[in-house]
Amino acid sequence: MANTKYGWQTGKNTKTTLSESAQLIAQSLAWFSLEELVAIQECLTGKSVKKGMKKEQCEQLAQLIDFPNQATFDKFFAKLPPYLQKLLYAGCLDPYIDVRCQDWGVEEPLIVEREEPVFYYHHSRYKANPLYRLGLFEIYREHVLHLNEFIAHHFLPFLYKKEEYTPKPLASEPEQLWTIENQIHEVLPLFVESLIPLLKERDATTIVKKGLLKANIKDLRALCGLPPFSLASSYNLDPLVLLAKFILSFESTKLKRPDDGMALIKTMVQRLFYDPSSKGTLAYGSFFEYFALLDHCSLNSNYSYSIDIEPSSRTGVLNVLSDLQGSQAWYAVDDLFQSFLVRGFSMRFENRDVLQSGLSVRGQKVHLSPSDYLTFEDKGFRPVGALRRPLFERPLFKAYLYLLASLGILDIGETTPESLLTKNDKQVPLSPYEALCCVRLTAFGAWCLNLAEERPEPKKQIFETITDTELLLVTFKGKSLERKLFLEQIGTPLGVERYRITEASFIKGCTSSAEVLKRIEKFKQLIDAQPSERWTQFFTSLQRRSTLFAHAEQVLLYTFPDDPEIRRMFATDPALRKLVIRAENNNVVVKKENQKAFQKLLMEHGYLNTL
């Protein structure tokens, strides 16, 4: 007669009948070695298991962990030792468990040093304490256990119920609030228009991989009006850089100023979250996270293998944000990240070797209470093991949210972060994304993410520009970001509403006469379509001045001593008089193309020129 215990039938000559779910589990277990299967089974049952055929071992273990409902799992879980329950609770959220992080209720250490000598580098000095049931775990480091990830994924929904970890709205707004929702429809077209000429001096590949220079950021901010983040800017995180990298990665057509900035944002966001095929058609779509959202990491320029992000990473972010629809409330980012994990998502690359070989975080010490992590590698820390969550997954999750904030999809709140990384003997945050504490989904964001059908329309702009017919003054009233920024670009403010325009202020920043002409046309388009005679004369003067010094020749300037004989030579020799232009203070100027002829004439007079 067969006995049934926790769904596992035992008894002699009893043919095992697997449920459909158990059959799927058994198929997954087939990847394990026989020794691993036995260790897992002994850990979960607390009894010695005799090795048999691998197929039978898979079927036995599959029946053991095939839980038809929560009650069956709870009954099984209650039989486990308390320390094993705690380890499973911790390991299902993060498979890498630093055993120093909490009290496990055991008298002896969970990890002990081997008594026998270790002769091979791949044999760890440490092993699981045989006093405890730890067959589900491997020894990753001296203080770190690694829970079998299949078990972690299988037990997760029973230990952490999704509905119990749905993010709850915060009671109050953050003190440091940053939002661009009401300006993004103006900002994005201006940003793209300003980015296009920049690509001539800093190409798209360089921007995607290395970002923007400080001078580039300063110029772009003056032209598009996108403000810096409230706190993250202190850690060199700028929305302009995020925007530039995102647009150059996900805009598939030739870059041009969009007629509808809001529609362009939605198109690019759809490519990021909803269109996996776009990875193959866009230059950097699949590499975006590696190059654009890991600013705290040093990238291995010699790493030549795949750096594609796993699609489930993006899907998980979207899944969590979907719970925020229809609410104008604020949500804690830590709650969102926990919900992300409870739903079974994680941040990972398709190639698991990227974290070990393609990324590193500069520094000497990481403090994660109560543990300190030290490194003696020149490149710092690898974001693997117990450091994967704090150095890679959590920063990348927050980086997605900062990106969406720069697009107007989220409003964000920031707070001063803890300095947990020692770098160059200074205490700094683990990443530039650590300041982010809470977010709010905007109406525009809900539309972009397909969570709302109705597109929010920006408020109608009401403004007035008045150009003085006699004086070069412009009065601007109302709200129009593009016009305000243009007047700040070409004029000098006189109070709040008036701007004085001069030849010098109008051409400031121009590098060619074509740019001056373009600026004149923009003035007519934005400020005054039919300027008065005084303004027409002013524009004519600007065009003339922009070409007066447009042509030049390369020359050489020679200085000679105060010698009457030399002055007489330059004054009386007809050939020299044709070649040189006399200047003040015993100087002569010679065109570079006439240099050899000048040297020859000097030698005829007995002077050697070796320049």
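In terms of my numbering, the sequence shown has 1123 at position 72, counting the first letter as 1, and numbering is strictly consecutive. Just so you know, even glycine gets a beta-carbon here, dropped at the ideal spot from N, CA and C.
Given residue i as reference, the closest of the options once Cα atoms are compared
i: Leu1500; options: Gln1376, Met1654, Leu1524 and Leu1471; result: Gln1376
i: Arg1506; options: Ile1513, Leu1282 and Trp1498; result: Trp1498
i: Leu1372; options: Lys1219, Ser1597 and Glu1616; result: Lys1219
i: Leu1442; options: Asp1404, Met1398 and Glu1465; result: Met1398
i: Asp1519; options: Asn1233, Pro1582 and Ala1565; result: Pro1582
i: His1602; options: Ile1360, Lys1629 and Ser1563; result: Ser1563
i: Leu1502; options: Glu1215, Phe1537, Glu1521 and Ile1460; result: Ile1460
i: Glu1244; options: Gln1234, Leu1263, Leu1207 and Leu1274; result: Leu1274
i: Leu1299; options: Leu1210, Ile1247, Glu1572 and Asp1311; result: Ile1247
i: Arg1322; options: Glu1340, Phe1301, Met1313 and Leu1250; result: Phe1301
i: Trp1229; options: Ile1116, Leu1085 and Pro1279; result: Pro1279
i: Leu1653; options: Asp1289, Leu1080 and Phe1621; result: Phe1621
i: Phe1590; options: Ile1571, Val1525, Asp1326 and Phe1611; result: Ile1571
i: Leu1532; options: Glu1521, Lys1510 and Leu1545; result: Lys1510
i: Pro1544; options: Ala1555, Thr1526 and Glu1554; result: Thr1526
i: Leu1607; options: Thr1623, Lys1573 and Gln1646; result: Gln1646
i: Asp1624; options: Phe1611, His1656 and Thr1610; result: His1656
Unbroken alpha helix (DSSP H) run spanning residue i, endpoints
i: Asp1270; result: Lys1265 to Cys1275
i: Ile1298; result: Pro1290 to Phe1301
i: Arg1184; result: Run containing Arg1184: none; DSSP gives neither H nor E here.
i: Gly1496; result: Ala1494 to Cys1499
i: Asn1638; result: It is not in any alpha helix (DSSP H) - Asn1638 instead sits in the beta strand (DSSP E) that spans Asn1638 to Lys1642.
i: Arg1628; result: Pro1625 to Leu1630
i: Gln1234; result: Per DSSP, Gln1234 belongs to no alpha helix (DSSP H) and is neither H nor E.
i: Gln1576; result: Ser1564 to Leu1577
i: Asp1386; result: Val1384 to Val1393
i: Glu1164; result: No alpha helix (DSSP H) contains Glu1164, which is instead part of the beta strand (DSSP E) from Ile1162 to Glu1164.
Residue i and residue j closer than 8 Å at C-beta
i: Leu1271; j: Leu1454; result: no
i: Leu1472; j: Pro1434; result: no
i: Leu1599; j: Val1567; result: no
i: Val1162; j: Ala1179; result: The identity of residue 1162 in the sequence shown is Ile, whereas the question assumes Val. It is a contact, given that the beta carbons lie within the stated cut-off.
i: Phe1391; j: Gly1414; result: no
i: His1197; j: Pro1146; result: yes
i: Gly1529; j: Glu1515; result: yes
i: Glu1110; j: Val1100; result: no
i: Leu1577; j: Arg1551; result: no
i: Ala1634; j: Val1641; result: no
i: Cys1489; j: Leu1221; result: yes
i: Ser1482; j: Asp1149; result: no
i: Phe1396; j: Asn1370; result: yes
i: His1236; j: Gly1312; result: yes
i: Ala1122; j: Ile1076; result: no
i: Ala1159; j: Leu1182; result: Residue identity differs from the one stated: residue 1159 is Glu in this sequence, not Ala. It is a contact, given that the beta carbons lie within the stated cut-off.
i: Leu1487; j: Lys1449; result: yes
i: Lys1260; j: Phe1339; result: no
Beta-ladder partner(s) of residue i, from DSSP
i: Trp1229; result: Ile1463
i: His1205; result: Note: His1205 sits in no beta bridge, so no partner.
i: His1197; result: Tyr1147 and Glu1189
i: Tyr1453; result: Tyr1453 is not bridged to any residue.
i: Ser1411; result: Ser1349
i: Gln1478; result: Thr1473
i: Leu1487; result: Glu1465
Buried/exposed call for residue i, threshold 16 Cβ in 10 Å
i: Tyr1484; result: buried
i: Val1547; result: exposed
i: Pro1133; result: exposed
i: Leu1282; result: buried
i: Thr1055; result: Residue placement at Thr1055 cannot be trusted, given a pLDDT of 42 that sits under 50; what the coordinates show is reported in the next sentence. Classification of Thr1055: exposed, given that the 10 Å Cβ count is below 16.
i: Tyr1191; result: buried
i: Val1027; result: The chain is shown from 1052 up to 1662; residue 1027 falls before or after that span and cannot be answered.
i: Asn1287; result: exposed
i: Glu1444; result: buried
i: Tyr1451; result: buried
i: Met1319; result: buried
i: Met1052; result: Here Met1052 scores only 38 on pLDDT, less than 50, and its place in the model should not be relied on; the value that follows carries that caveat. With fewer than 16 Cβ atoms within 10 Å of its Cβ, Met1052 is classed as exposed.
i: Gly1409; result: buried
i: Asn1638; result: exposed
i: Gln1074; result: exposed
i: Trp1381; result: buried
Residue range of the unbroken beta strand (DSSP E) whose run includes residue i
i: Asp1125; result: Note, Asp1125: premise wrong, no beta strand (DSSP E); alpha helix (DSSP H) at Gln1121 to Ala1129.
i: Gly1529; result: Leu1524 to Gly1529
i: Gly1542; result: Gly1542 to Leu1545
i: Lys1416; result: Lys1416 to Leu1419
i: Tyr1424; result: Ser1422 to Leu1425
i: Arg1673; result: The structure shown does not extend to residue 1673, since the chain spans only 1052 to 1662, so no value can be given for it.
i: Ile1517; result: Phe1514 to Thr1518
Residue-chain proximity (residue i, chain D), Cβ-Cβ < 8 Å
i: Val1606; result: No chain D is part of this structure, which consists of one protein chain only.
Residue i Cβ short of 7 Å to the ligand NAP heavy atom set
i: Ile1148; result: Here there are no bound small molecules, and the ligand NAP is not part of this structure.
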